[in-house]
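Here's the structure, in C-alpha coordinates; my notes come after.
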(Lines of atoms letter the chains of each structure in order from A; the text may use other names.)
(Lines give C-alpha, C1' and ligand atoms only; values in the text may rest on other atoms or scores of the structure.)
Protein backbone atom coordinates (compact mmCIF):
# COMPACT_ATOMS: atom_id res chain seq x y z
CA UNK A 215 0.00 0.00 0.00
CA UNK A 216 1.42 3.39 -0.95
CA UNK A 217 1.73 6.28 1.46
CA UNK A 218 -0.91 8.19 -0.51
CA UNK A 219 -3.34 5.28 -0.23
CA UNK A 220 -2.76 5.04 3.51
CA UNK A 221 -3.49 8.75 3.86
CA UNK A 222 -6.74 8.48 1.92
CA UNK A 223 -8.07 5.47 3.82
CA UNK A 224 -7.25 6.90 7.27
CA UNK A 225 -10.43 8.38 8.77
CA UNK A 226 -9.87 11.82 10.18
CA UNK A 227 -11.91 12.23 13.34
CA UNK A 228 -14.85 14.58 12.91
CA UNK A 229 -16.49 16.80 15.48
CA UNK A 230 -19.11 14.51 17.06
CA UNK A 231 -22.71 15.46 16.33
CA UNK A 232 -25.42 13.77 18.39
CA UNK A 233 -28.25 13.01 15.99
CA UNK A 234 -30.94 10.75 17.53
CA UNK A 235 -31.82 9.29 14.15
CA UNK A 236 -28.30 8.00 13.70
CA UNK A 237 -27.47 7.17 17.33
CA UNK A 238 -30.66 5.22 18.02
CA UNK A 239 -30.51 3.51 14.65
CA UNK A 240 -27.02 2.20 15.31
CA UNK A 241 -28.11 0.69 18.65
CA UNK A 242 -30.61 -1.54 16.85
CA UNK A 243 -28.14 -3.02 14.39
CA UNK A 244 -26.71 -6.52 14.37
CA UNK A 245 -23.94 -7.84 12.12
CA UNK A 246 -26.42 -10.26 10.55
CA UNK A 247 -28.91 -7.55 9.68
CA UNK A 248 -26.20 -5.34 8.22
CA UNK A 249 -24.90 -8.13 5.99
CA UNK A 250 -28.43 -9.02 4.81
CA UNK A 251 -29.25 -5.41 3.84
CA UNK A 252 -25.94 -4.89 2.06
CA UNK A 253 -26.45 -7.99 -0.05
CA UNK A 254 -30.05 -6.99 -0.76
CA UNK A 255 -29.01 -3.54 -2.04
CA UNK A 256 -26.14 -4.86 -4.10
CA UNK A 257 -28.28 -7.58 -5.64
CA UNK A 258 -26.83 -8.17 -9.09
CA UNK A 259 -24.73 -5.01 -8.89
CA UNK A 260 -21.54 -6.09 -7.05
CA UNK A 261 -19.72 -6.36 -10.39
CA UNK A 262 -20.74 -2.81 -11.25
CA UNK A 263 -19.50 -1.46 -7.90
CA UNK A 264 -16.22 -3.36 -8.23
CA UNK A 265 -15.80 -2.12 -11.79
CA UNK A 266 -16.11 1.51 -10.70
CA UNK A 267 -13.60 1.01 -7.91
CA UNK A 268 -11.11 -0.82 -10.14
CA UNK A 269 -11.38 1.80 -12.88
CA UNK A 270 -10.32 4.59 -10.49
CA UNK A 271 -6.73 5.69 -11.27
CA UNK A 272 -6.43 8.09 -8.29
CA UNK A 273 -5.70 11.00 -10.62
CA UNK A 274 -7.22 13.53 -8.22
CA UNK A 275 -9.52 15.28 -10.69
CA UNK A 276 -12.60 14.28 -8.69
CA UNK A 277 -11.11 15.89 -5.59
CA UNK A 278 -10.44 19.15 -7.39
CA UNK A 279 -14.11 19.14 -8.43
CA UNK A 280 -15.47 18.57 -4.91
CA UNK A 281 -16.48 21.53 -2.73
CA UNK A 282 -16.11 19.45 0.46
CA UNK A 283 -12.53 18.56 -0.42
CA UNK A 284 -11.56 22.08 -1.48
CA UNK A 285 -13.26 23.70 1.51
CA UNK A 286 -11.33 21.46 3.92
CA UNK A 287 -7.91 22.40 2.52
CA UNK A 288 -7.77 19.29 0.34
CA UNK A 289 -8.09 16.84 3.22
CA UNK A 290 -8.25 13.49 1.33
CA UNK A 291 -10.81 12.03 3.73
CA UNK A 292 -13.33 14.53 2.30
CA UNK A 293 -12.41 13.77 -1.32
CA UNK A 294 -14.70 11.65 -3.51
CA UNK A 295 -12.23 8.79 -3.86
CA UNK A 296 -11.58 8.96 -0.11
CA UNK A 297 -15.30 8.58 0.54
CA UNK A 298 -15.45 5.50 -1.64
CA UNK A 299 -12.38 3.97 0.00
CA UNK A 300 -13.78 4.56 3.48
CA UNK A 301 -17.10 2.92 2.62
CA UNK A 302 -17.30 0.57 -0.35
CA UNK A 303 -13.70 -0.64 -0.27
CA UNK A 304 -14.14 -1.84 3.30
CA UNK A 305 -17.56 -3.36 2.62
CA UNK A 306 -16.36 -5.38 -0.39
CA UNK A 307 -13.19 -6.43 1.39
CA UNK A 308 -15.23 -7.72 4.33
CA UNK A 309 -17.94 -9.20 2.06
CA UNK A 310 -20.59 -7.17 3.87
CA UNK A 311 -19.53 -8.27 7.36
CA UNK A 312 -19.05 -4.83 8.95
CA UNK A 313 -19.86 -3.38 12.36
CA UNK A 314 -22.64 -0.99 13.47
CA UNK A 315 -20.02 1.69 14.17
CA UNK A 316 -18.76 1.33 10.62
CA UNK A 317 -22.31 1.91 9.30
CA UNK A 318 -22.52 5.03 11.47
CA UNK A 319 -19.39 6.35 9.76
CA UNK A 320 -20.82 5.44 6.35
CA UNK A 321 -24.02 7.38 7.14
CA UNK A 322 -22.03 10.51 7.91
CA UNK A 323 -19.99 10.19 4.73
CA UNK A 324 -22.79 9.30 2.31
CA UNK A 325 -25.68 11.29 3.78
CA UNK A 326 -23.99 14.29 5.40
CA UNK A 327 -20.63 14.86 3.68
CA UNK A 328 -21.69 14.24 0.09
CA UNK A 329 -24.46 15.98 -1.85
CA UNK A 330 -24.37 13.45 -4.69
CA UNK A 331 -24.22 16.47 -7.01
CA UNK A 332 -22.14 14.53 -9.58
CA UNK A 333 -19.65 17.33 -10.17
CA UNK A 334 -16.89 14.81 -9.39
CA UNK A 335 -18.28 12.31 -11.91
CA UNK A 336 -18.46 15.08 -14.51
CA UNK A 337 -14.68 15.54 -14.31
CA UNK A 338 -13.70 11.85 -14.00
CA UNK A 339 -11.86 10.81 -17.21
CA UNK A 340 -12.98 7.20 -16.68
CA UNK A 341 -16.66 7.87 -16.01
CA UNK A 342 -16.69 6.55 -12.45
CA UNK A 343 -20.10 7.36 -10.97
CA UNK A 344 -18.98 8.21 -7.44
CA UNK A 345 -22.27 9.93 -6.69
CA UNK A 346 -24.09 6.75 -7.73
CA UNK A 347 -21.97 4.76 -5.29
CA UNK A 348 -22.89 7.20 -2.50
CA UNK A 349 -26.58 6.88 -3.44
CA UNK A 350 -26.31 3.10 -2.99
CA UNK A 351 -24.51 3.63 0.30
CA UNK A 352 -27.29 5.98 1.42
CA UNK A 353 -29.90 3.34 0.58
CA UNK A 354 -28.10 0.84 2.79
CA UNK A 355 -28.09 3.32 5.67
CA UNK A 356 -31.75 4.16 5.05
CA UNK A 357 -32.87 0.53 5.07
CA UNK A 358 -30.88 -0.01 8.27
CA UNK A 359 -32.57 2.98 9.90
CA UNK A 360 -29.32 4.90 10.41
CA UNK A 361 -30.31 8.29 9.04
CA UNK A 362 -30.50 11.90 10.30
CA UNK A 363 -33.61 12.41 12.41
CA UNK A 364 -34.88 15.40 10.43
CA UNK A 365 -34.56 13.61 7.09
CA UNK A 366 -36.26 10.53 8.47
CA UNK A 367 -39.13 12.74 9.66
CA UNK A 368 -39.72 14.01 6.12
CA UNK A 369 -39.72 10.44 4.85
CA UNK A 370 -42.33 9.55 7.48
CA UNK A 371 -44.40 12.58 6.47
CA UNK A 372 -44.35 11.48 2.84
CA UNK A 373 -45.49 8.00 3.87
CA UNK A 374 -48.30 9.29 6.09
CA UNK A 375 -49.55 12.44 4.36
CA UNK A 376 -48.12 12.24 0.81
CA UNK A 377 -46.33 15.53 1.39
CA UNK A 378 -43.03 16.52 2.93
CA UNK A 379 -44.11 18.66 5.89
CA UNK A 380 -47.19 17.09 7.50
CA UNK A 381 -49.53 19.58 5.75
CA UNK A 382 -53.18 18.61 6.25
CA UNK A 383 -55.66 19.01 3.40
CA UNK A 384 -57.59 21.81 5.13
CA UNK A 385 -54.32 23.65 5.82
CA UNK A 386 -53.35 23.30 2.16
CA UNK A 387 -56.68 24.69 0.90
CA UNK A 388 -56.69 27.49 3.50
CA UNK A 389 -53.20 28.55 2.37
CA UNK A 390 -54.27 28.67 -1.28
CA UNK A 391 -57.30 30.79 -0.42
CA UNK A 392 -55.13 33.12 1.67
CA UNK A 393 -52.58 33.50 -1.13
CA UNK A 394 -55.35 34.15 -3.65
CA UNK A 395 -56.51 37.08 -1.49
CA UNK A 396 -52.93 38.36 -1.24
CA UNK A 397 -52.48 38.15 -5.02
CA UNK A 398 -55.74 40.07 -5.56
CA UNK A 399 -54.32 42.98 -3.55
CA UNK A 400 -51.80 43.46 -6.39
CA UNK A 401 -53.45 42.00 -9.50
CA UNK A 402 -57.20 42.39 -10.01
CA UNK A 403 -59.09 39.11 -10.54
CA UNK A 404 -56.05 36.97 -9.61
CA UNK A 405 -57.24 33.43 -8.92
CA UNK A 406 -55.89 30.07 -7.80
CA UNK A 407 -58.40 27.73 -9.45
CA UNK A 408 -58.75 24.41 -7.63
CA UNK A 409 -59.47 21.08 -9.34
CA UNK A 410 -60.34 22.63 -12.69
CA UNK A 411 -60.61 19.84 -15.26
CA UNK A 412 -59.14 20.41 -18.70
CA UNK A 413 -56.96 23.38 -17.75
CA UNK A 414 -53.84 23.98 -19.81
CA UNK A 415 -51.51 23.86 -16.79
CA UNK A 416 -51.41 22.12 -13.42
CA UNK A 417 -48.99 24.06 -11.26
CA UNK A 418 -47.19 21.90 -8.71
CA UNK A 419 -45.18 23.00 -5.70
CA UNK A 420 -43.37 21.36 -2.83
CA UNK A 421 -44.53 21.38 0.80
CA UNK A 422 -42.15 24.12 2.01
CA UNK A 423 -44.21 26.57 -0.05
CA UNK A 424 -47.50 26.33 1.90
CA UNK A 425 -45.55 25.74 5.12
CA UNK A 426 -42.71 28.29 4.87
CA UNK A 427 -42.87 30.30 1.63
CA UNK A 428 -46.59 30.74 0.79
CA UNK A 429 -45.84 34.05 -0.94
CA UNK A 430 -44.38 32.05 -3.85
CA UNK A 431 -47.82 30.59 -4.55
CA UNK A 432 -49.26 34.09 -4.44
CA UNK A 433 -46.55 35.22 -6.86
CA UNK A 434 -47.58 32.52 -9.32
CA UNK A 435 -51.23 33.56 -9.06
CA UNK A 436 -50.17 37.07 -10.11
CA UNK A 437 -47.96 35.78 -12.93
CA UNK A 438 -50.55 33.34 -14.32
CA UNK A 439 -53.25 35.99 -14.28
CA UNK A 440 -51.13 38.59 -16.05
CA UNK A 441 -49.95 35.96 -18.57
CA UNK A 442 -53.54 34.91 -19.21
CA UNK A 443 -53.03 31.18 -18.66
CA UNK A 444 -55.79 28.69 -17.93
CA UNK A 445 -54.37 26.86 -14.90
CA UNK A 446 -55.26 24.91 -11.81
CA UNK A 447 -53.90 23.29 -8.66
CA UNK A 448 -55.18 20.09 -7.04
CA UNK A 449 -56.84 20.23 -3.63
CA UNK A 450 -56.11 16.53 -3.08
CA UNK A 451 -52.98 14.38 -2.61
CA UNK A 452 -50.46 14.67 -5.41
CA UNK A 453 -49.95 18.45 -5.14
CA UNK A 454 -46.55 18.00 -3.48
CA UNK A 455 -43.84 17.20 -6.03
CA UNK A 456 -41.00 17.00 -3.51
CA UNK A 457 -39.39 13.65 -2.86
CA UNK A 458 -37.36 13.58 0.33
CA UNK A 459 -37.93 9.84 0.75
CA UNK A 460 -35.37 9.25 -1.97
CA UNK A 461 -32.73 11.07 0.11
CA UNK A 462 -32.64 8.12 2.50
CA UNK A 463 -32.89 5.59 -0.30
CA UNK A 464 -36.56 4.76 0.22
CA UNK A 465 -37.33 4.16 -3.44
CA UNK A 466 -40.60 2.44 -2.63
CA UNK A 467 -42.18 5.52 -1.04
CA UNK A 468 -40.48 7.71 -3.64
CA UNK A 469 -42.29 5.81 -6.38
CA UNK A 470 -45.62 6.27 -4.63
CA UNK A 471 -45.10 10.04 -4.44
CA UNK A 472 -44.27 10.43 -8.13
CA UNK A 473 -47.15 8.16 -9.17
CA UNK A 474 -49.62 10.21 -7.09
CA UNK A 475 -48.30 13.43 -8.64
CA UNK A 476 -48.87 12.28 -12.20
CA UNK A 477 -52.21 10.71 -11.30
CA UNK A 478 -53.39 14.09 -9.97
CA UNK A 479 -52.58 15.71 -13.33
CA UNK A 480 -54.26 12.90 -15.27
CA UNK A 481 -57.35 13.11 -13.06
CA UNK A 482 -57.60 16.83 -13.84
CA UNK A 483 -57.02 16.18 -17.56
CA UNK A 484 -54.52 19.05 -17.85
CA UNK A 485 -52.29 19.48 -20.88
CA UNK A 486 -49.02 19.83 -18.96
CA UNK A 487 -47.48 20.23 -15.51
CA UNK A 488 -45.36 23.22 -14.54
CA UNK A 489 -43.06 22.51 -11.60
CA UNK A 490 -42.20 25.31 -9.21
CA UNK A 491 -38.65 26.40 -8.42
CA UNK A 492 -37.27 23.13 -7.06
CA UNK A 493 -34.46 21.03 -8.47
CA UNK A 494 -34.75 17.61 -6.87
CA UNK A 495 -38.55 17.44 -7.31
CA UNK A 496 -38.15 18.03 -11.04
CA UNK A 497 -35.26 15.62 -11.52
CA UNK A 498 -36.96 12.72 -9.75
CA UNK A 499 -40.20 13.39 -11.60
CA UNK A 500 -38.62 13.23 -15.06
CA UNK A 501 -35.67 10.86 -14.55
CA UNK A 502 -35.04 8.56 -11.56
CA UNK A 503 -38.66 8.25 -10.53
CA UNK A 504 -39.75 7.13 -13.97
CA UNK A 505 -37.12 4.40 -14.02
CA UNK A 506 -38.24 3.13 -10.63
CA UNK A 507 -41.85 3.00 -11.86
CA UNK A 508 -40.79 1.33 -15.10
CA UNK A 509 -42.11 4.17 -17.28
CA UNK A 510 -40.28 5.14 -20.45
CA UNK A 511 -41.47 8.73 -20.34
CA UNK A 512 -43.80 10.97 -18.30
CA UNK A 513 -47.48 10.24 -18.99
CA UNK A 514 -47.99 14.00 -19.31
CA UNK A 515 -45.51 16.73 -20.35
CA UNK A 516 -43.72 18.42 -17.47
CA UNK A 517 -41.55 21.57 -17.48
CA UNK A 518 -39.46 23.27 -14.83
CA UNK A 519 -40.25 26.82 -13.69
CA UNK A 520 -37.08 28.16 -15.34
CA UNK A 521 -38.24 27.02 -18.78
CA UNK A 522 -41.75 28.31 -18.04
CA UNK A 523 -40.43 31.76 -17.12
CA UNK A 524 -38.27 31.71 -20.25
CA UNK A 525 -41.38 30.91 -22.29
CA UNK A 526 -43.35 33.73 -20.65
CA UNK A 527 -40.70 36.32 -21.48
CA UNK A 528 -39.89 34.96 -24.95
CA UNK A 529 -43.52 34.94 -26.08
CA UNK A 530 -44.30 38.32 -24.56
CA UNK A 531 -46.99 36.97 -22.21
CA UNK A 532 -44.98 38.69 -19.48
CA UNK A 533 -43.37 42.04 -20.32
CA UNK A 534 -40.83 43.78 -18.12
CA UNK A 535 -41.87 47.28 -17.07
CA UNK A 536 -38.81 48.21 -14.99
CA UNK A 537 -35.65 46.23 -14.41
CA UNK A 538 -34.37 45.14 -10.99
CA UNK A 539 -31.52 47.54 -10.27
CA UNK A 540 -29.47 46.01 -7.42
CA UNK A 541 -26.40 43.94 -8.39
CA UNK A 542 -27.49 40.32 -8.60
CA UNK A 543 -25.84 36.98 -9.31
CA UNK A 544 -27.08 33.41 -9.62
CA UNK A 545 -26.62 29.93 -8.22
CA UNK A 546 -27.11 26.97 -10.56
CA UNK A 547 -29.09 24.17 -8.85
CA UNK A 548 -27.29 20.91 -9.73
CA UNK A 549 -30.52 19.10 -10.58
CA UNK A 550 -31.51 21.55 -13.30
CA UNK A 551 -28.14 22.91 -14.47
CA UNK A 552 -25.83 19.90 -14.30
CA UNK A 553 -28.52 17.31 -15.00
CA UNK A 554 -30.84 19.22 -17.34
CA UNK A 555 -28.71 22.01 -18.87
CA UNK A 556 -30.99 24.89 -17.84
CA UNK A 557 -28.13 27.19 -16.81
CA UNK A 558 -28.27 29.31 -19.96
CA UNK A 559 -32.05 29.62 -19.93
CA UNK A 560 -31.81 30.65 -16.28
CA UNK A 561 -29.39 33.44 -17.19
CA UNK A 562 -31.56 34.61 -20.07
CA UNK A 563 -34.47 35.03 -17.66
CA UNK A 564 -32.40 36.93 -15.09
CA UNK A 565 -30.80 39.23 -17.68
CA UNK A 566 -34.24 40.09 -19.06
CA UNK A 567 -35.41 41.20 -15.62
CA UNK A 568 -32.23 42.60 -14.05
CA UNK A 569 -30.09 45.61 -14.89
CA UNK A 570 -26.86 44.61 -13.11
CA UNK A 571 -26.32 40.85 -13.52
CA UNK A 572 -22.93 39.56 -12.37
CA UNK A 573 -22.21 35.96 -13.27
CA UNK A 574 -20.29 33.49 -11.16
CA UNK A 575 -17.27 31.45 -12.19
CA UNK A 576 -17.42 28.53 -12.78
CA UNK A 577 -20.98 28.62 -14.06
CA UNK A 578 -23.88 26.57 -15.46
CA UNK A 579 -23.19 22.82 -15.35
CA UNK A 580 -19.71 23.46 -13.92
CA UNK A 581 -20.94 25.49 -10.97
CA UNK A 582 -20.32 24.34 -7.40
CA UNK A 583 -23.13 22.66 -5.47
CA UNK A 584 -24.91 24.71 -2.79
CA UNK A 585 -24.04 21.94 -0.30
CA UNK A 586 -27.70 21.47 0.59
CA UNK A 587 -28.63 18.81 -1.97
CA UNK A 588 -28.87 15.09 -1.38
CA UNK A 589 -30.81 15.71 1.83
CA UNK A 590 -27.92 17.49 3.59
CA UNK A 591 -29.81 20.73 4.26
CA UNK A 592 -32.81 18.67 5.35
CA UNK A 593 -30.70 17.11 8.12
CA UNK A 594 -31.57 20.23 10.09
CA UNK A 595 -29.91 22.41 12.76
CA UNK A 596 -27.55 19.77 14.24
CA UNK A 597 -25.61 19.67 10.95
CA UNK A 598 -25.82 23.32 9.89
CA UNK A 599 -22.30 24.35 11.00
CA UNK A 600 -20.76 21.27 9.39
CA UNK A 601 -22.64 22.03 6.17
CA UNK A 602 -21.68 25.69 5.80
CA UNK A 603 -18.05 25.03 6.70
CA UNK A 604 -18.06 22.33 4.04
CA UNK A 605 -18.66 24.92 1.32
CA UNK A 606 -16.21 27.74 1.87
CA UNK A 607 -15.44 27.73 -1.86
CA UNK A 608 -19.04 28.68 -2.61
CA UNK A 609 -18.76 31.67 -0.29
CA UNK A 610 -15.57 32.76 -2.04
CA UNK A 611 -17.23 32.37 -5.44
CA UNK A 612 -20.26 34.47 -4.48
CA UNK A 613 -18.18 37.13 -2.74
CA UNK A 614 -16.11 37.66 -5.91
CA UNK A 615 -19.22 38.88 -7.78
CA UNK A 616 -19.83 41.81 -5.46
CA UNK A 617 -23.58 41.20 -5.83
CA UNK A 618 -26.22 41.95 -3.21
CA UNK A 619 -28.71 39.29 -4.26
CA UNK A 620 -28.38 35.64 -5.34
CA UNK A 621 -31.07 33.97 -7.43
CA UNK A 622 -31.37 30.41 -6.12
CA UNK A 623 -34.32 28.73 -7.92
CA UNK A 624 -34.56 25.62 -5.73
CA UNK A 625 -35.96 25.01 -2.25
CA UNK A 626 -32.84 23.15 -1.14
CA UNK A 627 -30.47 25.71 -2.65
CA UNK A 628 -32.31 28.78 -1.33
CA UNK A 629 -31.75 28.14 2.43
CA UNK A 630 -28.30 26.66 1.79
CA UNK A 631 -27.14 29.75 -0.10
CA UNK A 632 -28.63 32.06 2.53
CA UNK A 633 -26.86 30.13 5.31
CA UNK A 634 -23.56 30.50 3.47
CA UNK A 635 -24.14 34.23 2.95
CA UNK A 636 -24.93 34.70 6.64
CA UNK A 637 -22.16 32.50 8.04
CA UNK A 638 -19.43 34.08 5.93
CA UNK A 639 -20.94 37.58 6.36
CA UNK A 640 -21.26 38.24 2.63
CA UNK A 641 -24.08 40.76 2.99
CA UNK A 642 -26.07 38.98 0.28
CA UNK A 643 -29.67 37.80 0.15
CA UNK A 644 -31.02 34.71 -1.61
CA UNK A 645 -34.13 35.11 -3.73
CA UNK A 646 -36.40 33.13 -6.03
CA UNK A 647 -37.07 34.07 -9.66
CA UNK A 648 -40.77 34.75 -9.05
CA UNK A 649 -39.89 37.32 -6.41
CA UNK A 650 -37.98 39.31 -9.04
CA UNK A 651 -40.64 38.77 -11.72
CA UNK A 652 -43.55 40.16 -9.69
CA UNK A 653 -41.46 43.26 -8.92
CA UNK A 654 -40.49 43.91 -12.54
CA UNK A 655 -43.38 42.70 -14.72
CA UNK A 656 -45.84 45.01 -16.42
CA UNK A 657 -49.39 44.74 -15.08
CA UNK A 658 -51.91 45.74 -17.78
CA UNK A 659 -54.15 48.70 -16.83
CA UNK A 660 -57.24 46.46 -16.60
CA UNK A 661 -55.57 44.27 -13.98
CA UNK A 662 -53.99 46.96 -11.83
CA UNK A 663 -55.30 47.46 -8.32
CA UNK A 664 -55.58 51.21 -7.83
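Numbering (my numbering), first residue to last: 215 to 664.
Backbone N, C-alpha and C fix where the C-beta goes; we use that ideal spot for every residue, glycine too.
Ordered along the chain, which non-local residues of its own chain (more than five positions away) have a Cβ less than 7 Å from that of residue i?
i	result
residue 557	546, 551, 577, 578 and 579
residue 653	538
residue 483	411 and 412
residue 380	371
residue 335	342, 343, 344 and 345
Can you look up residue i in the DSSP assignment and give me helix, strand or coil?
i	result
residue 454	strand
residue 630	helix
residue 380	coil
residue 417	strand
residue 427	coil
residue 408	strand
residue 509	coil
residue 571	strand
residue 496	helix
residue 672	An answer regarding residue 672 cannot be provided, because it is not within the stretch 215 to 664 covered by the chain.
residue 323	helix
Note down, in chain order, each residue of its chain lying with its Cβ closer than 6 Å to the Cβ of residue i, except the 5 sequence neighbours on either side.
i	result
residue 310	249, 252 and 253
residue 441	526, 531 and 532
residue 451	376 and 474
residue 602	633, 634 and 637
residue 422	625
Considering only residues of the same chain and omitting the five flanking positions on each side of residue i, which have a CB-CB separation below 8 Å?
i	result
residue 340	269, 270 and 271
By the DSSP assignment, the alpha helix (DSSP H) with residue i in it spans what residues?
i	result
residue 284	281 to 285
residue 486	Careful: residue 486 lies outside any alpha helix (DSSP H), inside the beta strand (DSSP E) at 486 to 489.
residue 264	260 to 269
residue 250	245 to 256
residue 664	That residue, residue 664, is in no alpha helix (DSSP H); it is neither H nor E in DSSP.
residue 607	606 to 613
Mark residue i as exposed unless 16 or more other C-beta atoms lie within 10 angstroms of its C-beta, in which case mark it buried.
i	result
residue 515	exposed
residue 300	buried
residue 368	buried
residue 509	exposed
residue 244	exposed
residue 595	exposed
residue 480	exposed
residue 606	buried
residue 365	buried
residue 497	buried
residue 511	exposed
residue 461	buried
residue 374	exposed
residue 669	Given a span of 215 to 664 for the chain in the structure shown, any question on residue 669 remains unanswerable.
How would you write the range of the beta strand (DSSP E) that residue i sits in, first residue to last?
i	result
residue 644	643 to 645
residue 517	516 to 518
residue 361	Neither: residue 361 is in no beta strand (DSSP E) and is coded neither H nor E.
residue 550	Element bounds for residue 550: not the beta strand (DSSP E) but the alpha helix (DSSP H), 548 to 551.
residue 619	619 to 621
Can you find a heavy atom of the ligand PLP that lies under 7 Å from the Cβ of residue i?
i	result
residue 589	Absent from the structure shown: the ligand PLP. Ligands present: none.
At least three beta-carbon pairs within less than 8 Å, the region 437 to 456 to the region 480 to 492: yes
Meets three-Cβ-pair contact criterion under 8 Å: the region 636 to 644 and the region 599 to 612: Judged by Cβ distances under 8 Å, the region 636 to 644 makes contact with the region 599 to 612, as three or more pairs qualify.
Touching by the beta-carbon criterion (3+ pairs, under 8 Å), the region 495 to 506 and the region 421 to 439: no
Stretch pair the region 467 to 484 + the region 396 to 404: three plus CB contacts closer than 8 Å: no
Cβ contact (3+ pairs, closer than 8 Å) linking the region 289 to 296 and the region 355 to 373: No: fewer than three Cβ pairs fall under 8 Å.
Three or more C-beta pairs below 8 Å linking the region 302 to 317 and the region 327 to 344: no
Stretch-stretch touch, CB-based, cutoff 8 Å, three pairs: the region 343 to 355 with the region 322 to 335: yes
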